[in-house]
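The block underneath contains the structure these notes are about, expressed in structure tokens.
Numbering (my numbering), first residue to last: 2 to 917.
Pasting the structure below:
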């Protein structure tokens with residue numbers, strides 16, 4: 002970007018931020034000229050805190066409420082790494098201000114991108130917002146008893162009366178998604194099943210119970226808007242006899258004006274676009290949905306901030322018939338609002354799933370982590386997806402997003418030609434958000450299997466390709482794991498305070514996941530690391546070995562438990578290979594199409610070859626002007642060296658070539674005091690020819706190269722497919738080693754540990770093995786060989802025996818099954834609980850098959866309690882009858898009443914039968 006005089010990038014960003022603040026209703030002041038009488042909201046620059054001056058402190062009605070941490074535009078890809086700094090200011094003491102708690106509203110921003118965190122939320126998580134919230138909004142939030150997200154967390158149970166099962170499922174899962182703070186959700190319901198009724202029921206609950214202020218119901222035709230309005234008018238909730246419109250104000254937009262006292266606004270997306278622009282909508286524009294129009298502008302006019310309709314105006318946006326491609330050209334309208342997005346459709350396509358991040362709430366479920374221990378060390382877990390392996394193809398005539406790698410500034414262009422991109426181009430020149438999301442979601446879903454028994458995700462390090470890639474990963478991880486800012490942090494050389502973040506990663510509970518490019522790749526000791534996830538390939542064998550070394554550090558169990566409380570000991574680490582790095586599968590880079598994705602080169606070549614149209618010059622000048630603001634100093638120098646003049650001068654010459662005043666002056670100088678159209682055209686062509694002389698083939702190629710190098714194509718169209726998630730082949734060797742070590746340990750201690758002595762030497766007495774005996778084996782095993790934790794050994798035998806069943810409920814039950822497996826009582830791995838139940842069934846059948854007296858139902862109920870006791874405690878004795886669950890059913894006395902003098906014999910018999 003060009004700066005005037007000695008202005009630095011930071012100062013230029015501050016100028017933009019000041020302008021944006023003023024547009025949002027803030028009075029921007031220096032700390033030395035502070036005047037609270039200027040208005041409701043005051044943004045004070047460089048306000049002093051106990052840890053130094055904050056870039057901006059926000060005051061609403063003389064009360065400090067927020068912090069803004071400002072960065073230059075080049076920090077767009079690093080904003081998440083600034084969160085610790087801005088949180089520090091929010092928690093600091095302000096000069097001349099007495100506060101009992103931290104400031105609730107935190108912003109990190111450049112001149113292009115703004116991220117926001119509200120500490121009022123149950124799980125504070127930063128999110129990108131279109132611009133700053135208005136002072137009036139923050140004032141309302143401060144006075145509210147709780148934030149909207151807190152209100153979502155306390156939604157009451159759904160009253161099922163009057164709802165179909167599919168509606169109950171959709172609402173229940175949608176509310177679970179909202180409580181999980183997932184920004185987008187898709188409700189897929191068949192035509193006629195009541196999608197709108199479902200949406201209205203949800204809107205009612207959000208308004209009544211969660212504290213929602215306004216909800217936008219977005220349609221794409223006038224007809225659908227009218228239908229929705231009728232359904233709102235007819236809706237009667239099942240907990241109130243009044244109609245929806247008697248309880249809340251509903252407005253269907255027919256003009257750019259929105260009444261401030263409405264809780265529900267129904268609008269077409271075309272109408273909302275015009276409203277944001279403050280324009281009247283042309284007649285008939287709402288009759289057909291936009292997807293039916295075959296013509297689309299190359300560059301849609303961007304939505305700009307509208308003070309009458311700020312981004313926070315709606316808490317929720319419901320998008321009806323969202324499977325239509327309204328989120329291509331009109332996507333910017335939907336994403337303008339700082340709102341939850343809920344899509345309704347009967348027929349979603351890939352773009353629908355992609356836009357809503359595959360969060361299909363009618364099918365959405367939450368999986369509980371399995372109470373398992375860690376797996377065998379040095380394992381490799383593979384996550385393979387189709388796009389990761391093969392790349393994809395962008396189809397022509399579709400609207401695609403372009404994003405600056407560093408500033409994160411976005412724009413939209415029409416894809417002119419088919420463009421194939423290879424896997425090696427992912428996250429460099431092309432970003433496919435769904436490819437990243439698919440990998441992270443697979444890791445989220447599978448980590449309990451990778452680390453069985455863990456209650457928190459083990460410390461995980463993700464290797465990214467670039468800082469921009471790392472930022473994309475961070476945001477996806479936080480969404481997929483439903484966690485806040487502290488859960489996942491970037492630790493790279495370019496991040497803010499990397500040493501502080503690294504120290505926290507080593508010593509604190511959070512972050513659980515760190516994302517790095519190079520800083521922790523080699524030579525950095527992070528002992529608690531138990532998982533390395535590769536989302537980048539590595540060509541150098543030595544470098545790869547160094548990166549793997551980050552997970553090899555040993556750590557005492559007590560120290561590990563300080564950061565990972567549920568860990569027993571660090572016995573291994575796992576490599577999660579999401580790119581084929583462990584198999585050295587390097588995808589060959591495919592040549593790019595000879596035509597670029599944007600017709601910039603065509604414009605420039607056309608001008609050089611003789612195209613003198615004003616439209617060509619204007620388009621080319623606009624594109625180069627935009628490029629002039631985005632290039633680095635090195636790229637500017639390259640262009641100046643090739644062209645002999647600066648890019649700014651080239652842009653100026655192009656605009657001057659079609660400047661009507663200058664063209665008219667040239668025509669008059671050529672002898673036409675009152676130039677007609679022909680004279681003006683001649684003069685214009687002369688000026689255009691002179692401006693075009695600067696363009697040569699090498700210069701155009703250079704401009705096209707630096708433009709593409711500085712820009713990433715965002716592929717929203719192609720969804721990735723998870724191909725497989727499984728352990729790599731080396732697991733068999735690791736499993737064999739673990740089982741050999743376990744068998745050797747048992748054999749070494751067969752004469753020292755009582756339970757082992759019975760199982761090895763006199764297995765017929767195994768019914769005499771008590772709970773205390775098994776616990777003694779576990780205690781000694783854990784102390785002597787923490788690597789041989791029973792659930793870890795179970796995973797090894799499960800792999801070798803090809804066991805596909807469920808995991809044991811505890812280390813003790815796993816240990817009994819493993820001892821039986823080693824001593825030959827079981828030929829293959831058999832869960833203790835499963836064997837007990839099977840033996841109980843056979844024992845009862847044999848008893849009833851004989852001529853003796855059969856058990857009564859009351860006796861059977863008691864015997865089933867004994868069976869369940871044996872499933873976890875191994876033997877039943879008299880003392881056990883005085884404890885739960887027997888004590889509540891009469892204990893020893895009731896047992897004697899049921900079985901009489903045969904009580905002790907019955908316990909001996911069942912101990913023996915069920916331990917068989």
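C-beta: ideal position from N, C-alpha, C; glycine also.
Computed from a predicted model, the values in this text were never measured in an experiment.
Terminal residues of the beta strand (DSSP E) in which residue i lies
i	result
residue 464	461 to 464
residue 382	380 to 386
residue 109	106 to 110
residue 403	400 to 405
residue 797	Careful: residue 797 lies outside any beta strand (DSSP E), inside the alpha helix (DSSP H) at 791 to 801.
residue 578	575 to 578
residue 919	As displayed, the chain neither begins before 2 nor continues past 917, which places residue 919 out of reach and without an answer.
residue 534	532 to 535
residue 321	317 to 321
residue 120	Counting along the chain, residue 120 falls outside any beta strand (DSSP E), and DSSP gives it neither H nor E.
Beta-carbon gap between residue i and residue j smaller than 8 Å
i	j	result
residue 569	residue 558	yes
residue 939	residue 246	What is shown of the chain runs 2 to 917, which leaves residue 939 out entirely.
residue 415	residue 532	no
residue 153	residue 172	no
residue 186	residue 194	no
residue 220	residue 321	yes
residue 778	residue 743	no
residue 104	residue 68	yes
residue 32	residue 49	yes
residue 518	residue 443	no
residue 871	residue 823	no
residue 441	residue 477	yes
residue 350	residue 312	no
residue 576	residue 535	yes
residue 707	residue 636	yes
Assumed close pair residue i, residue j - CB separation to whole angstroms, cut-off 8 Å
i	j	result
residue 881	residue 887	7 Å
residue 787	residue 815	Actually they are not in contact, since the Cβ atoms of residue 787 and residue 815 sit about 15 Å apart, beyond 8 Å.
residue 130	residue 120	Not really, about 15 Å apart at Cβ, beyond 8 Å.
residue 337	residue 184	With a Cβ gap of about 14 Å, residue 337 and residue 184 do not count as contacting.
residue 702	residue 125	Their Cβ separation, rounded to whole angstroms, is 48 Å, which puts residue 702 and residue 125 out of contact at 8 Å.
residue 135	residue 26	5 Å
residue 725	residue 383	7 Å
residue 468	residue 78	5 Å
Within-8 Å CB hit, residue i to chain B
i	result
residue 517	This model lacks chain B altogether, as it is built from one protein chain only.
First and last residue of the uninterrupted alpha helix (DSSP H) at residue i
i	result
residue 692	678 to 693
residue 669	661 to 670
residue 778	772 to 785
residue 277	270 to 278
residue 878	Premise fails: residue 878 is in no alpha helix (DSSP H) and is neither H nor E.
residue 189	Residue 189 -> not in any alpha helix (DSSP H); beta strand (DSSP E) instead, spanning 185 to 189.
residue 849	833 to 850
residue 896	892 to 900
residue 639	634 to 644
residue 18	10 to 24
residue 911	904 to 915
residue 603	601 to 609
Checklist entry - Should the stretch 818 to 834 be regarded as contacting the stretch 794 to 801, the criterion being three or more beta carbon pairs within less than 8 Å? => result Contact between the stretch 818 to 834 and the stretch 794 to 801 is present, because at least three Cβ pairs lie under 8 Å.
Next on the checklist: Count Cβ pairs between the stretch 651 to 664 and the stretch 618 to 628 that sit closer than 8 Å; are there 3 or more?
Outcome noted: yes
Next on the checklist: Report the start-end ranges of each alpha helix (DSSP H) in the stretch 48 to 110 that is 4 residues or longer and not cut off at the edges.
Outcome noted: 84 to 92
Checklist entry - Would you call the stretch 260 to 272 and the stretch 203 to 217 in contact, with 3 or more CB pairs under 8 Å? => result yes
Checklist entry - Can you list, in chain order, the stretches of the alpha helix (DSSP H) that have 4 or more residues and sit fully within the stretch 192 to 266? => result If we require 4 residues or more, the alpha helix (DSSP H) runs fully inside the stretch 192 to 266 come out as 196 to 206, 223 to 235, 245 to 248.
Checklist entry - Between the stretch 82 to 93 and the stretch 50 to 69, are three or more C-beta pairs nearer than 8 Å? => result yes
Checklist entry - Are the stretch 810 to 824 and the stretch 843 to 862 touching by the rule of at least three beta carbon pairs closer than 8 Å? => result no
Item to check | Within the stretch 450 to 491, ranges of the alpha helix (DSSP H) (whole runs, at least 4 residues) | outcome: Whole alpha helix (DSSP H) segments, 4+ residues: 468 to 481.
Next on the checklist: For the stretch 669 to 684 against the stretch 735 to 742, do three or more pairs of beta-carbon atoms, one drawn from each stretch, fall closer than 8 Å, so that the two count as touching?
Outcome noted: no
Item to check | Cβ pair count under 8 Å reaching 3, the stretch 500 to 513 against the stretch 163 to 171 | outcome: no
Checklist entry - Looking at C-beta atoms only, is the number of pairs between the stretch 134 to 141 and the stretch 58 to 68 that lie closer than 8 Å three or more? => result Touching, yes, given that three or more Cβ pairs across the two stretches are closer than 8 Å.
Checklist entry - At what residue ranges does the stretch 127 to 193 contain a whole run of the beta strand (DSSP E), taking only runs of 3 or more? => result 128 to 130, 185 to 189
Checklist entry - With a cut-off of 8 Å, do at least 3 Cβ pairs link the stretch 643 to 651 to the stretch 690 to 707? => result yes
Checklist entry - Between the stretch 195 to 211 and the stretch 351 to 359, do at least 3 Cβ pairs fall closer than 8 Å? => result no
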